[in-house]
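Novice:
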Amino acid sequence: MSLIKMTPYQVLLCASVLLTGCASNEIYRSIYEPCTVSQSNACEQNSLHQYNTGMDNEYTLGFVEIDDQGQMRDRKQMQALLDTLYKKAAEESILLTVFVHGWHHNARPGDPNIESFKDNLAKLSAIESQRSKSLHRPARKIAGVYIGWRGESIDVPPFNYLTFWDRKSTAQDVGYLGVSELLVKLEEIANVRNSMVPPIKSRLVVIGHSFGGQVVYSATSQILASRFVDSQEGKGFTDTAKGFGDLVVLLNPAFEALRYAPFYDLAQARCSYFPEQVPRLAILTSEADGATGTLFPLGRVFSTVFETHHDIVRNDCKHTLELDEGEADRNTVGHYLPLISHTLKPLGKEMNLKVANMDNMKNIWSTQTPGGSTQYGSTVLTHLNKTNAQNPYLNVRVDEEIIADHNDVFNEKVMEFIRLLIGLSTED
224 MSLIKMTPYQ VLLCASVLLT GCASNEIYRS IYEPCTVSQS NACEQNSLHQ YNTGMDNEYT
284 LGFVEIDDQG QMRDRKQMQA LLDTLYKKAA EESILLTVFV HGWHHNARPG DPNIESFKDN
344 LAKLSAIESQ RSKSLHRPAR KIAGVYIGWR GESIDVPPFN YLTFWDRKST AQDVGYLGVS
404 ELLVKLEEIA NVRNSMVPPI KSRLVVIGHS FGGQVVYSAT SQILASRFVD SQEGKGFTDT
464 AKGFGDLVVL LNPAFEALRY APFYDLAQAR CSYFPEQVPR LAILTSEADG ATGTLFPLGR
524 VFSTVFETHH DIVRNDCKHT LELDEGEADR NTVGHYLPLI SHTLKPLGKE MNLKVANMDN
584 MKNIWSTQTP GGSTQYGSTV LTHLNKTNAQ NPYLNVRVDE EIIADHNDVF NEKVMEFIRL
644 LIGLSTED
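Going by the numbering used here, 392 is the number at position 169 of the sequence shown; the sequence numbering is gapless.
Okay, structure coming up:
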């Protein structure tokens, strides 16, 4: 095989493309005053937005931007968000949803992930308004937080695809540093009045996509483990397994299955759960996701070549797990089949399925059976009988008709399922 020869001019041209194609490394949202969005005012430079004021789909959206080293681009931006949300949470119940984007995205006005997140917040708000009327309680106000970081360091195709491993390393730094602080402070806000009588129950959901899934997992994994064990001083009883906030959702996450294996073991070692146990971590990966299913393991072949791996067999609570450490270290969490707990497929001609909706979600979840299937909107969730049916950690393999590829995570089929999960995990 011959090497490709390049003239000095070609080398200079490629270097010029790479240098001039560097993605912006500046803050996008530099005005920290709240701004009401209208047709005549998009509030593009503001970090705090108010949408549809006074309507059934009203919501607030805030932005926090983080640099490549995991530091806040401006701590005043974060503080403005926290001050706004703290005031809101002190006065009324809120449902706070955080989204961390992945590869090729950022906080630039008009980014497709921002637009899709806004659409989902509006739908959550409309659902909450409707449910508040049927339950005869005040509607929880919907607030969203979009965490922006440099999802690619070069934005010129096809060179931007060379940023995969650079951005993977950056995502880990972003999660361990700045995002951890922000998420803990957001959880504190969600809990601000939960201890009062009568409590105003606010809730927190965190969603990460692609490398944003790695960001979220890096930021929350140790907290998840600690709260699952819940070894507080003087405790002499077993409780439901807690999580970070109320629910963490990872969509086509780009991190190794081996990093998830200890949490799989942790949950497996508990042989039974109370009927009121709800999901705390849901990982959803499309079977057709080439970025995490093909590109990721190809790169990991080279980065793990000098590492040693073993085969492990677990037999916890009558469930056997045979773990190949090498395969788990090369493949992402959603493409390593031994750790998959559920499948999510389009609704077909199944008969006698339990049908979950916002009114009966908790009852449906508590009465699941090993290997059983449940209808969630236009999808069917099937338990694979590898774990306890009420296990709060779900690793779901999703049919390509529901999530077509790596970036198809905001389509209505999967968002409907996620909104139902949010309803299950956040309803009082």
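Beta carbons are placed, not taken as given, at the ideal position from N, Cα and C, and that holds for glycine.
1) Output needed for asparagine 210: all residues of its chain with C-beta closer than 6 Å, excluding positions within five of it in sequence on either side, in chain order.
2) Helix, strand or coil, according to DSSP, for threonine 443 in the structure here?
3) Going by beta carbon distance, what residues of the same chain come within less than 8 Å of lysine 346, once the five residues before and after it are set aside?
4) Specify the secondary structure class of proline 615 as computed by DSSP and reduced to three states.
5) Helix or strand or just coil, what does DSSP make of aspartate 297?
6) Find out if the Cβ-Cβ distance for the pair glycine 325, histidine 432 is shorter than 8 Å.
7) How should arginine 363 be labelled, buried or exposed, when 16 other C-beta atoms within 10 angstroms of its C-beta is the threshold for buried?
8) Check for me: the beta strand (DSSP E) holding serine 316 runs from which residue to which?
9) What residue does the beta strand (DSSP E) around arginine 642 start on, and which one ends it?
10) Skipping 5 residues on each side, what residues in its chain have a beta carbon closer than 7 Å to that of alanine 480?
11) Identify every residue that forms a DSSP beta bridge with glycine 371.
12) Cysteine 258 bridges to which residues according to DSSP?
13) From glutamate 315 to aspartate 651, what does the alpha carbon distance come to, in whole angstroms?
14) Below 7 Å CB to CB, which residues in the same chain sit around lysine 268 once its five sequence neighbours on both sides are set aside?
15) Using 10 angstroms around the beta-carbon of lysine 609, count the other beta-carbons present and answer buried if the total reaches 16, otherwise exposed.
16) Please state the DSSP three-state secondary structure of leucine 481.
17) Across the region 461 to 478 and the region 501 to 509, are there enough close Cβ pairs to call them in contact, namely three or more that are closer than 8 Å?
18) Please name the residue or residues paired with histidine 264 in a DSSP beta bridge.
19) Alpha carbon to alpha carbon, how far is glutamine 500 from methionine 581? Give it in angstroms, no decimals.
20) Rounded to a whole number of angstroms, what is the C-alpha to C-alpha distance between tyrosine 416 and alanine 313?
21) Taking glycine 371 as the reference, give the member of Ala394, Ala349, Ser352 with the closest Cα.
22) CB-CB under 6 Å to alanine 349, same chain, minus the five flanking residues each way: which ones, in chain order?
23) Measure the Cβ-Cβ separation of alanine 442 and phenylalanine 486 and say whether it is below 8 Å.
24) Just verifying my parser: in three-state terms, what is the DSSP assignment at proline 593?
25) Around the Cβ of alanine 265, are there at least 16 other Cβ atoms within 10 angstroms (buried) or fewer (exposed)?
26) Just the C-alpha distance for aspartate 631 and threonine 602, rounded to the nearest angstrom, thanks.
27) Please report the straight-line C-alpha distance between glutamate 573 and valine 619, rounded to a whole angstrom.
28) What's the gap between the Cα of arginine 426 and the Cα of leucine 304?
29) Threonine 505 bridges to which residues according to DSSP?
30) May I ask which residues mark the beginning and end of the alpha helix (DSSP H) holding asparagine 343?
31) What do you reckon, are the CB atoms on leucine 409 and valine 368 nearer than 8 Å?
32) Out of Leu546, Glu530, His542, which one is the CA nearest neighbour of valine 536?
33) In three-state DSSP terms, what is isoleucine 587?
34) Can you tell me where the alpha helix (DSSP H) with isoleucine 626 in it begins and where it stops?
35) Got a sec, what are the start and stop residues for the alpha helix (DSSP H) lysine 568 sits in?
36) I'd like the span of the beta strand (DSSP E) that includes glycine 549, first residue to last.
Specialist: Result, derived from the coordinates:
1) Any answer about residue 210 is impossible in this case: the structure gives the chain only from 224 up to 651.
2) helix
3) Asn280, Met638, Arg642
4) coil
5) coil
6) yes
7) By the neighbour-count rule (16 or more Cβ atoms within 10 Å), arginine 363 is buried.
8) No beta strand (DSSP E) contains serine 316, which DSSP labels as neither H nor E.
9) Segment 635 to 649 is the alpha helix (DSSP H) holding arginine 642; no beta strand (DSSP E) there.
10) Ala551, Asn554, Thr555, Val556, Tyr559, Leu562
11) The partner list for glycine 371 (beta bridge, DSSP) reads Glu288.
12) His272
13) 15 Å
14) According to the sequence as given, residue 268 is glutamine; it is not lysine. Within the same chain, glutamine 268 has close Cβ partners Arg252, Ser253, Ile254.
15) That one is buried.
16) helix
17) yes
18) Checking the displayed sequence, the identity of residue 264 turns out to be asparagine instead of histidine. Partner(s): Ser261.
19) 16 Å
20) Note that residue 416 is arginine in the sequence shown, not tyrosine. The C-alpha of alanine 313 is placed about 6 Å away from the C-alpha of arginine 416.
21) Ala394
22) Asp279, Asn280
23) no
24) coil
25) exposed
26) 16 Å
27) 19 Å
28) Distance between the alpha carbons of arginine 426 and leucine 304 is about 17 Å.
29) Contrary to the premise, residue 505 reads as alanine rather than threonine in this sequence. Bridge partners of alanine 505: Val472, Leu617.
30) 335 to 358
31) yes
32) Leu546
33) helix
34) Careful: isoleucine 626 lies outside any alpha helix (DSSP H) and carries neither H nor E.
35) Unbroken run through lysine 568 is the beta strand (DSSP E), 565 to 569; no alpha helix (DSSP H).
36) Counting along the chain, glycine 549 falls outside any beta strand (DSSP E), though it belongs to the alpha helix (DSSP H) covering 548 to 553.
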